[in-house]
Amino acid sequence: MERLISLTLIAVFALFGIVTSTTECDLPPSLWCSTSETAKRCKVFDQCKDYQTEKRDAKLVNVTLYHESLCPDCIDFITTSLWKAFTKVSDIFTITMVPYGNAMEKKEANKYKFFCQHGEAECVGNLIESCAIYVLKNERASFNYSHCIASYLNTQRRVDFPKAAKKCANEQSINYDQIDACANGQLGNQLEHQMAVRTRALNPSHNYVPWVTINGVHTEALQNQTETDLIKVVCDTYQGPKPSACQEIIHDTHSCRRLKSEL
Ligand SMILES: *[C@@H]1O[C@H](CO)[C@@H](O)[C@H](O)[C@H]1NC(C)=O
Ligand SMILES: *[C@@H]1O[C@H](CO)[C@@H](O)[C@H](O)[C@H]1NC(C)=O
Ligand SMILES: *[C@@H]1O[C@H](CO)[C@@H](O)[C@H](O)[C@H]1NC(C)=O
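So the sequence shown is numbered by our numbering: it starts at 244 and just counts up by one.
So, in structure tokens, the structure goes:
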């Protein structure tokens, strides 16, 4: 009898042991090498070393956002789908921002005059963003900065773009004077012209904003998916071992778009 009890106990402990060791590595094998922490947890650390090299060699997915500073749908996209991707899977993609959108330009003597969909205030915002990209020289820092501004514009209706830009510069220890000087001078004018050139070079050309390309490609299906779940687009496109955040499922129900024909 006693023997039976101890055998039962051994069986229970063995079962318990199996259960706990599987929950310790409760991930599909395709993810075991996604981080060295996971690899250790799944007891495949040595075997994963080659994959980690492969991961470094896999090309990052290029996400490019063509937008304009005061378009509500662009602000939405920056603060929802794009921000989620930035916080979850930023190590497998790059973000390039092209703030110009549906603006137009006209060459004058030695500079360009810009005309923006949401008026002069939007042109000022585009210039500030273009200058921030130039001054910060780091796409993650400049996206983080643009996101901060977009969040202020979203939640505090009375804040104008320069005010939000200044606030965010303070919060993120960015020298706003440098950005301001750029935005008000010849440099900003040239940088914004380059944004115009890049926007006009789109093929197919954009007919609404936000307009997103993934590795330089835009299709309507891809665009729809980026607006609801950019993480999935980035994860599906990435050729290296997927980070664990690729397993999380996120659904935004909203999808906003502004057709050029409705302007
Ligand atoms: C973004 O800015 C916040 C401060 O607003 C900072 O705490 C965070 O580290 C920044 N993230 C990146 C990736 O630069
Ligand atoms: C992303 O852009 C960079 C720089 O233009 C390029 O070297 C790289 O090959 C691109 N990645 C992909 C996956 O196309
Ligand atoms: C993309 O979304 C728009 C607007 O919701 C819709 O009209 C269109 O049919 C969708 N296109 C594709 C290819 O999914």
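All C-beta atoms in this analysis are idealised placements derived from N, C-alpha and C, irrespective of residue type, glycine included.
H310: first and last residue of the uninterrupted beta strand (DSSP E) it sits in: On the sequence shown, position 67 is the one that residue 310 refers to. Counting along the chain, the beta strand (DSSP E) containing H310 begins and ends at V304 to H310.
Is it right to say Q437 is buried, meaning 16 or more other beta carbons lie within 10 angstroms of its own, or is it exposed? For the purposes of this step, residue 437 is taken as residue 194 along the sequence shown, with counting starting at 1. Classification for Q437: exposed.
Below 6 angstroms CB to CB, which residues in the same chain sit around A488 once its five sequence neighbours on both sides are set aside? For the purposes of this step, residue 488 is identified with residue 245 of the sequence shown, where counting begins at 1. Contacts found: K331 and V332.
Could you pull out every unbroken alpha helix (DSSP H) segment of at least 4 residues lying fully inside the region 400 to 436, listed in chain order? Counting only runs of 4 or more, we get 404 to 414 and 419 to 426.
Straight-line CA distance for T265 to T281? The sequence position of residue 265 within the sequence shown is 22, counting from 1. The sequence position of residue 281 within the sequence shown is 38, counting from 1. Low confidence applies to T265: its pLDDT is 45, below 50, so where it sits in the model is not reliable, and the reading given next is rough at best. C-alpha separation (whole angstroms): 13 angstroms.
Are the CB atoms of L396 and L325 within a distance shorter than 9 angstroms? One-based indexing of the sequence shown puts residue 325 at position 82. One-based indexing of the sequence shown puts residue 396 at position 153. Pairing L325 with L396 gives a Cβ-Cβ distance that is not under 9 angstroms.
Could you give the DSSP three-state label for V287: helix, strand or coil? Here residue 287 refers to the residue found at position 44 when the sequence shown is read from its first residue. In this structure, V287 counts as coil in the three-state DSSP scheme.
Return helix, strand or coil for T456, following the three-state DSSP convention. In the sequence shown, the residue the question calls residue 456 occupies position 213. In the structure shown, T456 sits in a strand (DSSP, three-state: E or B).
Would the C-beta of N450 count as close to ligand 3, meaning under 8 angstroms from any of its heavy atoms? Numbered from 1 along the sequence shown, position 207 holds the residue referred to as residue 450. Checking every heavy atom of ligand 3 against the Cβ of N450, none is found closer than 8 angstroms.
Excluding the 5 residues flanking E514 on each side, which residues of the same chain have their C-beta closer than 8 angstroms to its C-beta? In this structure the chain extends from 244 to 506, so residue 514 is not present and cannot be described.
As assigned by DSSP and simplified to three states, the class of E348: Locating residue 348 in the sequence shown gives position 105, where the first residue counts as 1. In the structure shown, E348 adopts extended strand secondary structure according to DSSP, grouped into three states.
Could you tell me whether the Cβ atoms of I335 and A301 are closer together than 9 angstroms? What you label residue 335 is simply residue 92 of the sequence shown in a count that begins at 1. What you label residue 301 is simply residue 58 of the sequence shown in a count that begins at 1. Against a cut-off of 9 angstroms, the Cβ pair of A301 and I335 comes out as a contact.
Whether or not the region 365 to 374 and the region 424 to 432 are in contact is what I'm after, with contact meaning three or more pairs of Cβ atoms, one per stretch, closer than 8 angstroms; do they touch? A contact exists between the region 424 to 432 and the region 365 to 374.
Using the three-state DSSP reduction, which class does K327 fall into: helix, strand or coil? Your numbering for residue 327 matches position 84 in the sequence shown. Residue state, collapsed to three classes: helix.
Can you give the beta carbon distance from G483 to N305, rounded, assuming they're within the 8 angstroms contact cut? Against the sequence shown, residue 483 aligns to sequence position 240. Against the sequence shown, residue 305 aligns to sequence position 62. Between N305 and G483 the Cβ distance is about 14 angstroms, and since that is not below 8 angstroms, they are no contact.
Who are the Cβ neighbours of Y229 in its own chain at under 8 angstroms, not counting the five residues just before and after it? Residue 229 is absent from the model: the chain starts at 244 and stops at 506.
9 angstroms Cβ cutoff met for C276 and C291: In the sequence shown, the residue the question calls residue 276 occupies position 33. In the sequence shown, the residue the question calls residue 291 occupies position 48. Yes; because the gap between Cβ atoms is below 9 angstroms, this pair is in contact.
Looking only at its chain, what residues have a beta carbon closer than 8 angstroms to the beta carbon of E491, apart from the 5 residues adjacent to it on each side? Counted from its first residue, the sequence shown places residue 491 at position 248. So the qualifying residues of the chain are K331 and I474.
From D316 to L430, what distance separates their C-alpha atoms? Residue mapping note: residue 316 aligns to position 73 of the sequence shown, counting from 1. Residue mapping note: residue 430 aligns to position 187 of the sequence shown, counting from 1. A straight-line Cα-Cα distance of about 28 angstroms links D316 and L430.
Y388 to R284, Cα distance in whole Å? To locate residue 388, count along the sequence shown from 1; it is residue 145. To locate residue 284, count along the sequence shown from 1; it is residue 41. Rounded to the nearest angstrom, the two C-alpha atoms are 36 angstroms apart.
Where does F358 land, buried or exposed, given buried means 16+ other C-beta within 10 angstroms? Counted from its first residue, the sequence shown places residue 358 at position 115. Around the C-beta of F358, fewer than 16 other C-beta atoms lie within 10 Å, and the residue is accordingly described as exposed.
If I follow the unbroken beta strand (DSSP E) through Y355, where does it start and stop? If you number the sequence shown from 1, residue 355 lands on position 112. Its beta strand (DSSP E) spans residues K354 to F358.
Please say whether A444 and A346 have beta carbons closer to each other than 9 angstroms? Here residue 346 refers to the residue found at position 103 when the sequence shown is read from its first residue. Here residue 444 refers to the residue found at position 201 when the sequence shown is read from its first residue. Result no, Cβ atoms of A346 and A444 do not sit closer than 9 angstroms.
Within 8 angstroms: the Cβ of L303 and any heavy atom of ligand 2? If you number the sequence shown from 1, residue 303 lands on position 60. With a cut-off of 8 angstroms, the C-beta of L303 is classified as near ligand 2, since at least one heavy atom of the ligand falls inside that distance.
Could you round the C-beta distance between L308 and P453 to whole angstroms and report it? I think they count as a contact, below 8 angstroms. Numbered from 1 along the sequence shown, position 65 holds the residue referred to as residue 308. Numbered from 1 along the sequence shown, position 210 holds the residue referred to as residue 453. 6 angstroms between Cβ atoms; contact.
Under three-state DSSP, which class holds Y451? Mapped onto the sequence shown, residue 451 falls at position 208. Strand, per DSSP.
P342 - DSSP class collapsed to helix/strand/coil: What you label residue 342 is simply residue 99 of the sequence shown in a count that begins at 1. Correct three-state label for P342: strand.
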